[in-house]
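2 protein chains.
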Amino acid sequence: MNKEFEFLKIISDTLTSSSYLGDDCAYLDEYKLAISKDCLIENVHFSFNFMTPYEIARKAVLVNISDILVSGAKPKYILIGLSGKLDEKFIKEFYQGLNDTIEKYNIKLIGGDLTKADKLSISITILGDYKNRNISSRKNAKKDYIVAAVGEFGSSAKGLEDLKNGLKDNYFIEYHKNPPLFEKITSKIATLTKNPYAMMDSSDGLFDCLYQISSKSNVRIDVNYDLIPKKIDNKNLVLFGGEDYCPVICLSVDDFKKIKGLIKIGVVKEGKGVYIDNKKVDYRGFKHFE
Amino acid sequence: MNKEFEFLKIISDTLTSSSYLGDDCAYLDEYKLAISKDCLIENVHFSFNFMTPYEIARKAVLVNISDILVSGAKPKYILIGLSGKLDEKFIKEFYQGLNDTIEKYNIKLIGGDLTKADKLSISITILGDYKNRNISSRKNAKKDYIVAAVGEFGSSAKGLEDLKNGLKDNYFIEYHKNPPLFEKITSKIATLTKNPYAMMDSSDGLFDCLYQISSKSNVRIDVNYDLIPKKIDNKNLVLFGGEDYCPVICLSVDDFKKIKGLIKIGVVKEGKGVYIDNKKVDYRGFKHFE
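Note that the protein sequences, when read in sequence, are chains A and B.
Taking this note's numbering, the leading residue of the first sequence gets 2, the next gets one more, and so forth.
Taking this note's numbering, the leading residue of the second sequence gets 2, the next gets one more, and so forth.
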């Protein structure tokens with residue numbers, strides 16, 4: 002069993018009142034603000050062996066922008082906390098990567114803090130606005146919904162594998178270091194859909210998205226492997242490789258028809274579990290605590 | 002020179018556009034939300050030698066609530082990220098401390114994440130609402146303003162000293178572990194003042210507050226040592242001891258008269274620097290990076 006789930010159960014039992022243990026983003030409905038926080042730790046989420054401070058900052062920010070995009074909101078503000086053995090050179094490169102990335106997405110840095118520590122950890126809080134937008138929840142999948150996706154699954158995991166094998170600067174390594182985000186299509190989904198929908202990014206792999214949506218929505222999800230957009234032919238990486246940040250969406254047939262560019266990879270059925278090519282697949286996603 | 006200031010200068014030079022390098026809180030004026038983030042690291046900000054997981058959680062939350070209170074906002078939502086060698090017992094105690102504290106202040110936990118790491122780090126984001134409230138900025142002090150304070154300066158630092166000397170369970174140790182917050186008086190200041198004012202808590206010591214306000218507002222601050230509320234007679238701890246979270250406020254004479262319970266400790270003058278009993282005092286506050 003996955004330790005993180007156990008811990009979340011303990012937390013949920015301990016709290017008198019809370020409804021936070023669901024989606025990656027919390028929604029402040031009074032303000033129409035989505036908010037997400039994330040902590041990235043050296044040698045757990047990234048390594049200086051493979052990436053420069055500039056690249057680490059860029060990716061840390063991209064990961065968090067993606068969380069907001071798949072919530073259905075528009076990213077607006079970011080706060081960054083940095084702990085580590087900080088020096089001038091690191092700070093300069095890191096904030097250059099940060100600056101270039103938030104500028105591209107028109108996001109404003111509004112706060113943060115710096116702390117001394119042995120290892121680098123990056124803590125990010127990001128806020129997005131969802132005025133006049135339909136927001137997603139992984140509880141929203143329903144029978145007969147379409148399972149859709151965009152991007153290329155497994156490319157980032159392939160890049161990490163290549164890095165670990167000592168390769169340099171190929172297509173997949175570039176993809177791993179600087180994953181593309183899906184700003185336009187997620188924005189279309191949030192503004193054009195009329196029915197509730199579920200959307201996640203494949204930060205922990207495609208299968209993890211399907212599994213989370215299936216269990217939170219209490220539905221069966223059937224995917225056809227051949228329909229999954231991908232550039233590699235490695236089932237393990239395509240299904241379980243993380244850090245792609247490709248949107249995975251369950252939405253109504255009507256809504257699906259409205260959104261150009263979405264690729265249908267499966268359907269939602271009554272029942273439980275995730276089926277790939279009619280075979281039930283078990284949870285093997287990235288497990289933080291095992 | 003203080004390293005943190007150097008780093009902030011580099012960051013500010015690197016960013017194309019940002020206005021974040023001032024107060025502890027960022028203000029989202031469109032939503033009337035104040036937001037603050039903070040990262041607490043094992044053996045830098047707290048130690049398991051002196052405090053239980055319950056106490057560490059409680060204090061981490063109190064510190065952040067105080068940031069919102071002295072901004073002038075009302076704390077509403079909190080997000081917690083936890084990294085460390087987490088186990089069931091730790092999680093249970095930590096979240097119990099968290100739960101009891103946020104319940105007391107009517108704050109809702111809306112998100113967070115758990116990550117494996119060698120040392121514990123706690124990353125907190127807290128949001129407060131400032132609709133119909135006058136918010137503070139350390140740039141707001143003006144000539145002829147009153148310098149006011151409440152609480153007891155130096156008690157927390159005395160408690161930490163006692164802990165390090167092997168003492169147990171005295172008044173100051175309790176104060177250090179569970180510092181009182183000043184919810185009512187900060188709320189009065191935010192709702193009753195008409196003019197701009199500067200308010201900080203003494204998380205890094207009374208002198209640090211005076212120094213920050215003096216340099217950001219470009220004014221001289223004169224304090225009379227005897228007027229400072231305190232329960233100990235140790236000038237070093239009273240002026241430079243941190244973790245008290247006592248509000249230090251510079252406000253207009255008119256506004257000062259409206260707020261019952263504020264103690265006048267000095268005045269704001271034209272000029273530069275912080276003077277205690279007419280003697281200029283240099284910066285010796287807690288320096289994270291030295």
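Virtual Cβ for every residue (Gly too), placed ideally from N, Cα, C.
Taking 3 residues as the minimum length, the beta strand (DSSP E) runs contained wholly in the segment 22-99 of chain A are 27-29, 34-42 and 75-85, in order along the chain. Counting C-beta atoms within 10 angstroms of its own C-beta, Tyr96 of chain B has 16 or more neighbours from the protein chains shown and is therefore classed as buried. Listed in chain order, the alpha helix (DSSP H) elements of length 4 or more contained wholly in the segment 205-291 of chain A are 207-218, 236-241 and 254-259. Contact residues of the segment 108-124 of chain A toward chain B are Lys109, Leu110, Ile111, Gly112, Gly113, Asp114, Leu115, Thr116, Lys117, Ala118, Asp119, Lys120, Ser122 and Ser124 (C-beta to C-beta distance below 8 Å). Legend: CB atoms of the segment 72-101 of chain A lying less than 7 Å from CB atoms of chain B belong to residues Tyr78, Leu80, Gly82, Ser84, Leu87, Glu89, Ile92, Lys93, Tyr96, Gln97 and Asn100. Assignment of beta-bridge partners to Leu128 of chain B by DSSP yields B:Ile36 and B:Tyr78.
For the segment 179-192 of chain A, the set of residues with a beta-carbon nearer than 7 Å to any beta-carbon of chain B is empty. Under a criterion of Cβ atoms nearer than 9 Å, no residue of chain B is adjacent to Asp68 of chain A; the nearest Cβ is some 11 Å distant.
Interface residue (Cβ-Cβ distance to chain A less than 8 Å): Tyr172 of chain B is not classified as such. Listed in chain order, the non-local C-beta contacts of Gly262 of chain B below 6 Å within the same chain comprise Ile186, local neighbours out to five positions each way being set aside. Under DSSP, Ser188 of chain A shares a beta bridge with no residue.
With fewer than 16 other beta carbons inside 10 angstroms of its own, Phe49 of chain B counts as exposed.
Within its own chain, the residues whose Cβ lies closer than 6 Å to the Cβ of Asn65 of chain A, once the five positions on either side in sequence are excluded, are Asp39, Ile125 and Ile127, listed in chain order. For Gly112 of chain B, DSSP records a beta bridge to B:Leu80. Residue nearest to Lys178 of chain A within the set A:Val151, A:Glu162, A:Leu34 and A:Asn279 is A:Glu162 (criterion: CA-CA distance). For Val64 of chain B, the nearest beta carbon of chain A is not closer than 8 Å to its own beta carbon. When B:Asn219, B:Thr192, B:Asp205 and B:Asn107 are compared, the shortest CA-CA separation from Val275 of chain B is found for B:Asn219.
By the neighbour-count criterion, in which 16 or more other beta carbons inside 10 Å mark a residue as buried, Gly167 of chain B falls on the exposed side. Counting C-beta atoms within 10 angstroms of its own C-beta, Tyr176 of chain B has 16 or more neighbours from the protein chains shown and is therefore classed as buried. The CB of Ile36 of chain B comes closer than 9 Å to the CB of Ile36, Tyr78, Leu80, Ile111, Gly112, Thr126 and Leu128 in chain A, given here in chain order. For Asp145 of chain B, there is no enclosing alpha helix (DSSP H), as DSSP marks it with neither H nor E. Here the C-alpha atom of Ala74 of chain A lies approximately 38 Å from the C-alpha atom of Ile250 of chain B.
Look at Cys40 of chain A: its C-beta is under 8 Å from a C-beta on chain B. Our two residues, Gly82 of chain B and Asp255 of chain B, have alpha carbons roughly 42 Å apart in a direct line. Residues of chain B whose Cβ lies closer than 8 Å to the Cβ of Ile57 of chain A do not exist, since the nearest Cβ in that chain is about 15 Å away. The Cβ of Thr15 of chain A sits closer than 8 Å to at least one Cβ of chain B. Within its own chain, the residues whose Cβ lies closer than 8 Å to the Cβ of Thr192 of chain A, once the five positions on either side in sequence are excluded, are Asn133, Arg134 and Asn135, listed in chain order.
Straight through space, the alpha carbons of Gly272 of chain A and Asp223 of chain A are spaced by roughly 11 Å. When secondary structure is reduced to three states using DSSP, Ala150 of chain B falls in the strand class.
Contact check between the segment 84-95 of chain B and the segment 144-152 of chain B: fewer than three CB pairs, one atom from each, fall below 8 Å, which does not count as touching. Looking at the DSSP output, Asp14 of chain B bridges to nothing.
Close to Ile12 of chain A, with beta-carbon spacing below 8 Å, are these residues of chain B in chain order: Ile92 and Tyr96. Pairing Ser204 of chain B with Lys60 of chain B, the inter-Cα distance amounts to about 12 Å. Ala199 of chain B sits in a strand when the DSSP states are folded into three classes. Within the DSSP bridge table, the entry for Ile123 of chain A names A:Leu41 and A:Leu83 as partners.
Annotation: Leu63 of chain B to Asn279 of chain B spans about 34 Å, alpha carbon to alpha carbon.
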